[in-house]
Amino acid sequence: MQHEEQLDATDQAVGEARRDVVVVGGGASGLAAARAAARRGLAVSVLERGSHAGGNLRTHRDGAWQVEVGPNTLVMKPPLHTLLDELGLLDEAQPANPDARRRYIAFHGRPVALPTHVLKAPANPLIGLRGSWSVLREPFRAGPPRDEESLADFVVRRLGRHVLDHLVDPFVSGVYAGDPARLSAQAAMPRLVALEREYGSLVRGGLRRLRQSRREPPALPREWRGQLVSFPAGLQRLAERLAEDIADQPGASVQCGCEVVAVGREADGWQVETAAGQRIRTRELVLAVPAPTAAALLAPLDAALAAPLEEIAYPPVNAVSVGFRRADVDHPLDGFGMLIPGVERRRTLGALFSSTLFPGRAPSDHVLLTAFLGGRRQPEAAAGDDAEQVAQVVADLGDLLGIHAEPVWQCVSRWPQAIPQYERGHLARIAALDAALEAHPGLSLLGNWRDGIAVGDCLENGRRLGERLAETPDRR
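Per the numbering used here, the sequence shown starts with residue 215, numbered consecutively.
Below you can see the structure in the form of structure tokens.
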């Protein structure tokens, strides 16, 4: 990273730097925004508090064991395909095992695979005649209410309690580690709500959208459609390549181990102060950090900016990775993983079959599971030392997967503030934040706490922001 080293030396010599854009936070959102701006000729600095760029895109390797500390997969969509192509990563991209299309959900103490065809749904215990009847009745149910709904209320109103308890509840645990009774349907599942508003029915809307998509030219090459992907070295490879690409642009840099402690307004822009005493002046300031971090930096500047951010909940979640000898697990582990609904009364939210998803995650004749504890409904489950966390996971998964020995390897990754919750009132909070931002030109806020929590959403939202910053004439 030659440009990074040159910029650091200059900054230390003068004690102050002037940039077009400063991005605070080197996660997926921040790196994507910085890359888009730097590739369009802006002088950009990324300031990352951690020792490596990537935020929660981190991979841990211990001998033949490899685990993701944060997200485990990416969903291949057109924007991601374009990005990987530009970064020269398409040849490295690793599609998930075809078995990953099978998804298990715990049901009355045993793992049951979701049906692979709609005609098999009535005979599947997860859906059954009761759930199938609810789906058939859905097009004839009443339209949307006027007020914001919780996701639980929305699903019960459209599809019934059985579908909520055995399908949507575990899905919400897997994506948000959240509580469907608190999550906002409009904020957390906007596409579902849009189907109802546009077509009056989820079923009618889904079928019409499916017919429309079949008439449109494919947006992806066939081999990538619907694929989950990673890389042989893990998702951290994507973060590293993004940082390299930024540093390769003239006048751009990524500085790790650089904590920002204060931000302030100036007549013609913004100033950032780091823990090391460095001051950086910039026309555009992007805070691509978790909501609580952004709130702490902005509270001295404007309480109207900090208040909506402070209201976004971040429950703790631990990723507990456990390795076993293949002979010590009876279940074939022939799928993406298994989710555990709240009605099953277990602490573990679910588990990924990590060694099934991608090769190179476990030694030969061994398997790797990555389970999750904590979340919005059971934050206390994330407490306890590593031994207690592993014991809880083995106890919860033992009978479900036929585990009859202790793990031979383990790794516990802790996220005290894990996944932002898009709970009721979230859209109003974001609207209030955006209104407050109008009084602070040159300041942008970015992160998975708004406009989608998936890595792909963060990358695309960051790219769009970076391009907007470069295309605004009075900010060049």
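Using N, Cα and C, we set each Cβ at its ideal position, and we do this for glycine too.
Query	Result
Identify every run of the beta strand (DSSP E) within the region 314-388, keeping only runs that are complete inside it and at least 3 residues long; order them along the chain.	317-321 and 324-327
Please tell me whether Phe538 and His580 are closer than 8 Å, where the distance is taken between their beta carbons.	yes
Just the C-alpha distance for Leu571 and Asn311, rounded to the nearest angstrom, thanks.	5 Å
Quick check on the burial criterion: 16 or more other C-beta atoms within 10 angstroms. Buried or exposed for Thr330?	exposed
My guess is that Asp459 and Leu301 are in contact by the Cβ rule of under 8 Å, so how many angstroms apart are they, rounded?	6 Å
Near Met215, what residues of its chain come up, given a Cβ to Cβ distance below 6 Å and the 5 sequence neighbours on each side ignored?	Confidence in Met215 is poor, its pLDDT being 41 and thus under 50, which makes the residue's placement too unreliable to answer from.
Tell me His274's beta-bridge partners as DSSP assigns them.	Val281
Measuring straight from C-alpha to C-alpha, what distance separates Leu515 and Pro593?	32 Å
Cα separation between Glu681 and Glu430?	27 Å
Is it true that the CB of Asp234 sits closer than 8 Å to the CB of Glu498?	yes
Would you check if the region 552-569 and the region 636-645 touch, i.e. whether three or more CB-CB distances between them fall below 8 Å?	no
List the residues that DSSP assigns as beta-bridge partners of Phe538.	Val581
If you run the structure through DSSP and keep just helix, strand and coil, what is Pro435?	coil
Measuring straight from C-alpha to C-alpha, what distance separates Ala510 and Pro432?	45 Å
Applying the criterion that 16 or more other CB atoms from any shown protein chain within 10 Å of the CB defines a buried residue, is Val693 buried or exposed?	Lying before the first or after the last residue shown, residue 693 is absent from the chain, which here runs from 215 to 690.
Measuring CB to CB, does Leu378 end up less than 8 Å from Val389?	no
Which of helix, strand or coil does DSSP assign to Glu410?	helix
Relative to the alpha-carbon of Val607, which residue among Val669, Asp548 and Val534 has its alpha-carbon at the smallest distance?	Val534
When DSSP builds the beta bridges, which residues end up paired with Cys625?	Ser535
Along the chain, where does the beta strand (DSSP E) containing Ile494 start, and where does it finish?	Arg493 to Leu501
How far does the alpha helix (DSSP H) with Leu452 in it reach, from first residue to last?	Gln450 to Ala461
Mind checking Gly277: buried by the 16 CB within 10 Å criterion, or exposed?	exposed
Cβ of Arg272 within 8 Å of Cβ of Gly255?	no
Around the Cβ of Thr584, are there at least 16 other Cβ atoms within 10 angstroms (buried) or fewer (exposed)?	buried
Note down, in chain order, each residue of its chain lying with its Cβ closer than 7 Å to the Cβ of Leu547, except the 5 sequence neighbours on either side.	Phe567, Thr570 and Val581
Helix or strand or just coil, what does DSSP make of Thr507?	helix
Considering only residues of the region 650-688, which uninterrupted alpha helix (DSSP H) runs meet the minimum length of 4 residues and lie entirely inside it, listed in chain order?	669-685
Rounded to the nearest angstrom, what separates Leu659 and Val237 at their Cα positions?	10 Å
Helix or strand or just coil, what does DSSP make of Ala231?	strand
With a 10 Å radius around its C-beta and 16 neighbouring C-beta atoms as the bar for buried, classify Thr686 as buried or exposed.	exposed
Could you give the first and the last residue of the continuous alpha helix (DSSP H) run that contains Leu547?	Unbroken run through Leu547: none, as it is neither H nor E.
Could you have a look at Ser265 and say whether DSSP puts it in helix, strand or coil?	coil
From Gly448, Gln280 and Thr296, pick the residue whose C-alpha is nearest to that of Ala250; which is it?	Thr296
Identify which residue in Ala609, Val669, Gly268 and Leu657 has its Cα closest to the Cα of Leu679.	Leu657
Roughly how far, in whole angstroms, is the beta-carbon of Arg451 from the beta-carbon of Glu306, given that I think they are within contact range, below 8 Å?	7 Å
With the cut-off set at 8 Å, would you say Gly244 and Val443 are in Cβ contact?	no
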